[in-house]
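I have placed the structure first, in the form of structure tokens, so that the comments after it can refer back to it.
Protein chains: 2
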Amino acid sequence: MSVQERKERERAVRERLIVATARELAEQQGWDAVTTRRLAERIEYSQPVLYSHFRGKREIIGAVALEGAVEMAAALRAATSAADGPRARVTALARAYLDFAARNPAVYDAMFQLDGGLAFAQEDTPEPLKDGFAALLESLGEVAGDGVHPALFTEVFWAALHGLATLSRAGRLPPEDAERRVELLVDRLAVL
Amino acid sequence: MSVQERKERERAVRERLIVATARELAEQQGWDAVTTRRLAERIEYSQPVLYSHFRGKREIIGAVALEGAVEMAAALRAATSAADGPRARVTALARAYLDFAARNPAVYDAMFQLDGGLAFAQEDTPEPLKDGFAALLESLGEVAGDGVHPALFTEVFWAALHGLATLSRAGRLPPEDAERRVELLVDRLAVL
DNA sequence: GACCCGATCCTAGCACCGCTAGACAATCGA
DNA sequence: TCGATTGTCTAGCGGTGCTAGGATCGGGTC
Numbered sequence: 046m047s048v049q050e051r052k053e054r055e056r057a058v059r060e061r062l063i064v065a066t067a068r069e070l071a072e073q074q075g076w077d078a079v080t081t082r083r084l085a086e087r088i089e090y091s092q093p094v095l096y097s098h099f100r101g102k103r104e105i106i107g108a109v110a111l112e113g114a115v116e117m118a119a120a121l122r123a124a125t126s127a128a129d130g131p132r133a134r135v136t137a138l139a140r141a142y143l144d145f146a147a148r149n150p151a152v153y154d155a156m157f158q159l160d161g162g163l164a165f166a167q168e169d170t171p172e173p174l175k176d177g178f179a180a181l182l183e184s185l186g187e188v189a190g191d192g193v194h195p196a197l198f199t200e201v202f203w204a205a206l207h208g209l210a211t212l213s214r215a216g217r218l219p220p221e222d223a224e225r226r227v228e229l230l231v232d233r234l235a236v237l
Numbered sequence: 046m047s048v049q050e051r052k053e054r055e056r057a058v059r060e061r062l063i064v065a066t067a068r069e070l071a072e073q074q075g076w077d078a079v080t081t082r083r084l085a086e087r088i089e090y091s092q093p094v095l096y097s098h099f100r101g102k103r104e105i106i107g108a109v110a111l112e113g114a115v116e117m118a119a120a121l122r123a124a125t126s127a128a129d130g131p132r133a134r135v136t137a138l139a140r141a142y143l144d145f146a147a148r149n150p151a152v153y154d155a156m157f158q159l160d161g162g163l164a165f166a167q168e169d170t171p172e173p174l175k176d177g178f179a180a181l182l183e184s185l186g187e188v189a190g191d192g193v194h195p196a197l198f199t200e201v202f203w204a205a206l207h208g209l210a211t212l213s214r215a216g217r218l219p220p221e222d223a224e225r226r227v228e229l230l231v232d233r234l235a236v237l
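Protein sequences appear in the order of chains A and B.
Residue 237, in this note's numbering, is where the first sequence stops; the numbers in between run on with no holes.
Residue 237, in this note's numbering, is where the second sequence stops; the numbers in between run on with no holes.
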């Protein structure tokens with residue numbers, strides 16, 4: 046069985062290589078530049094090899110999205126755990142979220158702008174996505190206010206962050222006031 | 046000069062036909078289905094005719110976006126003018142915004158998700174886009190609260206609405222709580 | 001050690017995309 | 001009526017995601 050195990054290991058390595066290369070290429074030149082031909086060339090295999098790992102380009106985007114969700118959840122938890130008190134935690138959370146989106150635009154797109162074929166807000170939602178929402182919920186639930194369901198509050202706060210992230214990056218909001226928008230959002234939405 | 050005028054008129058009619066057809070096709074089958082070939086076939090001209098009106102597909106998307114901006118501004122003003130008092134106005138505005146996004150997903154995408162080659166938040170931003178923001182500002186400025194710049198408040202509120210609109214439509218938020226999210230957003234963000 | 005067979009990979013090609021060069025036809029002004 | 005100009009079309013370029021089918025390589029068996 047050792048031979049088969051070795052092959053499976055090598056396959057897993059190659060699959061990670063595909064996802065990492067897709068992500069790298071997307072961050073460098075945008076998702077439009079991530080074509081199956083270029084991706085195949087970069088991993089030094091032919092195009093059809095990609096399709097032995099993924100059903101298509103969409104699934105590759107989905108794999109990058111899941112990887113990103115894990116990282117984002119970790120980044121949010123790291124930021125909030127270093128903050129004292131609800132207010133500081135929420136502010137840190139908001140900054141960390143927008144910072145992640147700004148620093149990893151391609152990954153953020155894979156998660157929330159592109160179609161990676163992933164289910165959201167459902168039972169069959171992949172675990173990393175659920176955990177990403179859970180990371181938001183942990184800090185936001187405590188400032189939802191009386192009589193407001195923590196999950197509902199988290200959805201609204203998340204939507205606001207998502208709007209700021211996407212509109213900012215698309216140049217639809219003036220960049221200079223970014224910090225003041227965050228402060229306003231936290232001050233108004235969170236019950237402290 | 047009459048001949049030339051007639052030709053110009055006919056050209057203008059055809060240009061409107063292109064934009065209207067692109068919009069229709071996008072609403073029916075999504076923007077992916079709006080290819081230059083299909084569009085040309087629908088208007089019963091050959092592909093190159095499109096390029097005598099627009100530089101490329103991007104500009105066609107931009108034209109649909111501008112058309113949408115005019116309609117959205119009108120829809121927002123109609124909704125707010127029928128409401129009494131700041132609170133009712135802001136609620137009506139939020140509902141009208143989300144309603145427009147839900148009813149015209151392809152137009153909304155052209156405006157805010159796709160690249161239509163339009164400038165935002167700059168001096169050379171096309172008038173319809175500026176006016177769309179102005180329509181938001183008219184109702185939101187009066188609930189910004191003391192010491193908060195109306196434009197900044199409008200940006201934050203708009204971002205929140207945009208986040209709700211996009212996440213809802215992508216199936217990333219449970220659809221059943223849509224109304225409660227709007228109420229929460231208005232209650233918290235607006236100073237009444 | 002030789003052979004067979006199955007897994008693995010690549011070449012080549014499909015139908016489609018956005019976009020454009022150049023041929024052709026229709027229309028206008030002289 | 002003729003030449004020039006304007007307008008439109010056919011055909012084709014290089015690219016896309018994806019796949020069928022042949023070649024090759026390696027492991028298991030005699």
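Glycine is no exception: its CB is placed at the ideal position from the N, C-alpha and C atoms.
Closer than 8 Å at the beta carbon, the chain A residues around residue i
i: B/G113; result: Going along chain A, no residue has its Cβ under 8 Å from B/G113, so there is no contact; the nearest lies around 14 Å.
i: B/G161; result: Within chain A, no residue comes near B/G161; the closest Cβ sits about 11 Å away, beyond 8 Å.
i: B/L197; result: D222, R225, R226, L229
i: B/E53; result: Residues of chain A passing the Cβ test: none, with the nearest at roughly 34 Å.
i: B/V188; result: Result: empty, since nearest Cβ-Cβ is about 11 Å, beyond 8 Å.
Presumed contact (8 Å Cβ cut-off) between residue i and residue j, rounded CB distance
i: A/L237; j: A/L143; result: Contact flag wrong, Cβ pair sits at about 20 Å.
i: A/L181; j: A/T170; result: Not really, about 14 Å apart at Cβ, beyond 8 Å.
i: A/A139; j: A/V227; result: 5 Å
i: A/G216; j: B/A166; result: 7 Å
i: A/R61; j: B/L234; result: Not quite, the Cβ-Cβ distance comes to about 43 Å (not below 8 Å), so this is no contact.
i: B/A155; j: B/A110; result: 4 Å
Chain-ordered neighbours of residue i on chain B, where CB pairs are closer than 9 Å
i: A/A57; result: Ordered by position in chain B, no residue passes the 9 Å Cβ test against A/A57, which lies about 29 Å from the chain.
i: A/L234; result: A205, L229, L230, R233, L234
i: A/E69; result: Neighbours of A/E69 on chain B: none; closest Cβ ~23 Å, over 9 Å.
i: A/E104; result: What A/E104 touches in chain B: nothing, since even the nearest Cβ is about 17 Å away.
Residue j beta carbon less than 8 Å from that of residue i
i: B/L174; j: B/A114; result: yes
i: B/L185; j: B/I106; result: no
i: A/A204; j: B/L218; result: yes
i: A/E112; j: A/R68; result: yes
i: A/L242; j: A/A85; result: Here chain A has residues from 46 to 237 only, and residue 242 of chain A is not among them.
i: B/V201; j: A/L230; result: yes
i: B/Y153; j: B/A78; result: no
i: A/G161; j: A/R100; result: no
i: B/L121; j: B/A141; result: yes
i: A/V64; j: A/A108; result: yes
i: B/V193; j: B/V135; result: no
i: A/G208; j: B/G75; result: no
i: B/E72; j: B/A151; result: yes
i: B/T66; j: B/R87; result: yes
Proximal chain A residues relative to residue i, where beta-carbon distance stays under 9 Å
i: B/F165; result: L212, A215, G216, R217, L218
i: B/V64; result: Within chain A, no residue comes near B/V64; the closest Cβ sits about 22 Å away, beyond 9 Å.
i: B/E172; result: Within chain A, no residue comes near B/E172; the closest Cβ sits about 16 Å away, beyond 9 Å.
i: B/V94; result: Per Cβ cutoff of 9 Å: no residues; B/V94 is ~26 Å from chain A at best.
i: B/E168; result: Chain A residues near B/E168: none, gap ~12 Å exceeds 9 Å.
i: B/E116; result: By Cβ distance, chain A contributes nothing, its closest Cβ being about 18 Å from B/E116, past 9 Å.
Under 7 Å by beta carbon: chain B residues contacting residue i
i: A/L209; result: A204
i: A/E183; result: In chain order: nothing, as chain B lies at least about 19 Å away.
Under 7 Å by beta carbon: chain A residues contacting residue i
i: B/V193; result: L229
i: B/V109; result: Those do not exist, as B/V109 stays about 17 Å from chain A at its closest Cβ, beyond 7 Å.
i: B/E50; result: Ordered by position in chain A, no residue passes the 7 Å Cβ test against B/E50, which lies about 38 Å from the chain.
i: B/E60; result: Going along chain A, no residue has its Cβ under 7 Å from B/E60, so there is no contact; the nearest lies around 26 Å.
Taking only runs that begin and end inside the stretch 118-154 of chain B, name each unbroken alpha helix (DSSP H) of 4 or more residues, in chain order.
130-148
Which parts of the stretch 160-192 of chain B are runs of the beta strand (DSSP E), unbroken and 3 residues or longer, counting only runs that do not cross its ends?
none
Give the residues from the stretch 73-88 of chain B that approach chain A closer than 9 Å (Cβ to any Cβ), ordered along the chain.
none
If you measure beta-carbon to beta-carbon, which residues of the stretch 131-158 of chain B are closer than 8 Å to chain A?
F157, Q158
Would you list, in sequence order, the uninterrupted alpha helix (DSSP H) runs of no fewer than 4 residues that lie entirely inside the stretch 49-90 of chain A?
81-87
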